[in-house]
Amino acid sequence: MEKEKTFFSENELVSQLQNKNTKAFEYLYDNYAPTIYGVVVRIVGSEEIAQDVVQEAFVKVWSSMAQYSTEKGKLFTWVLNIARNTAIDKLRSKEIKQIQKNDSLNLKAHKRTDDTTQQMSEYIGFKEIMDKMKDEHKIIIELMYFEGYSQSEIAEKLSIPLGTVKTRARNALEHLRNLLKSDWNF
């Protein structure tokens with residue numbers, strides 16, 4: 017059975033939406049969602065996140081429809097602004113920042129799968145020197161110099177304060193310098 021095509025003028029649509037008519041909402045969604053989605057996906061840069069944002073935006077439209085007035089402009093513009101603001105809020109959210117951080121760490125992890133750095137450090141005898149260091153110093157040196165983490169990333173990764181990372185890095189480098197002087201006569 018084919019779905020009956022319903023048409024609403026903008027004024028009728030607004031009136032029906034404000035009366036919580038679900039058919040009017042289906043019409044609104046069917047006719048506005050594809051364009052709204054296109055705008056949102058450009059803002060958030062992810063189809064999956066854009067789908068969530070569009071759904072969330074239409075829920076906001078439904079729940080705040082009583083606040084809409086034709087004096088504020090066209091219904092489409094109002095819906096678009098809600099979607100745009102929802103997309104921007106999503107980008108600023110902790111959830112997205114965590115996803116971006118994880119994606120960034122995943123990219124770094126892929127870069128770090130190459131063992132050439134570790135092989136080079138072993139080749140020049142550096143591994144034996146590193147083995148003489150305290151574990152807390154060794155991990156800082158490995159993360160910072162061989163894996164390319166910043167001090168703030170190390171602090172986050174190890175769940176320790178940034179100041180502690182800085183102190184350990186300074187102490188580790190001093191200890192490493194002393195080991196190099198004694199073992200390699202620098």
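Numbered by the working numbering, the letters in the sequence shown go through residues 17 to 202 in order. Beta carbons are placed, not taken as given, at the ideal position from N, Cα and C, and that holds for glycine. Here the structure is a predicted model, which is why all the values come from computation and not from measurement.
| Check | Outcome |
| --- | --- |
| Which full runs of the alpha helix (DSSP H) of 4+ residues lie inside the stretch 20-87, going along the chain? | 26-34, 38-60 and 63-79 |
| Quick check on DSSP: helix, strand or coil for I176? | coil |
| Report back the beta-carbon spacing between A73 and T102 to the nearest angstrom; my notes put them in contact at under 8 Å. | 4 Å |
| Do V56 and R100 have their C-beta atoms closer together than 9 Å? | yes |
| For Y43, which option in V69, K88, G54 and F92 has the closest C-alpha, if you only look at C-alpha atoms? | F92 |
| Is the beta carbon of I59 closer than 9 Å to that of L29? | no |
| Going along the chain, which residues of its own chain have a beta-carbon closer than 6 Å to the beta-carbon of Y165, five neighbours each way excluded? | L159 |
| Would you kindly report the start and end of the unbroken alpha helix (DSSP H) that includes K152? | Going by the sequence as given, residue 152 is Glu instead of Lys. Run containing E152: D151 to I157, per the alpha helix (DSSP H) assignment. |
| Mind checking which residues open and close the alpha helix (DSSP H) that includes K148? | Here K148 belongs to no alpha helix (DSSP H), and DSSP marks it neither H nor E. |
| For the candidate residues I65, L189, P50 and F23, whose alpha-carbon lies nearest to that of I145? | L189 |
| For K90, name the three-state secondary structure that DSSP assigns. | coil |
| Tell me the rounded alpha-carbon separation between I5 and N35. | Because residue 5 is not part of the residues shown, which for the chain are 17 to 202, the question remains open. |
| Rounded to a whole number of angstroms, what is the C-alpha to C-alpha distance between I176 and I65? | 31 Å |
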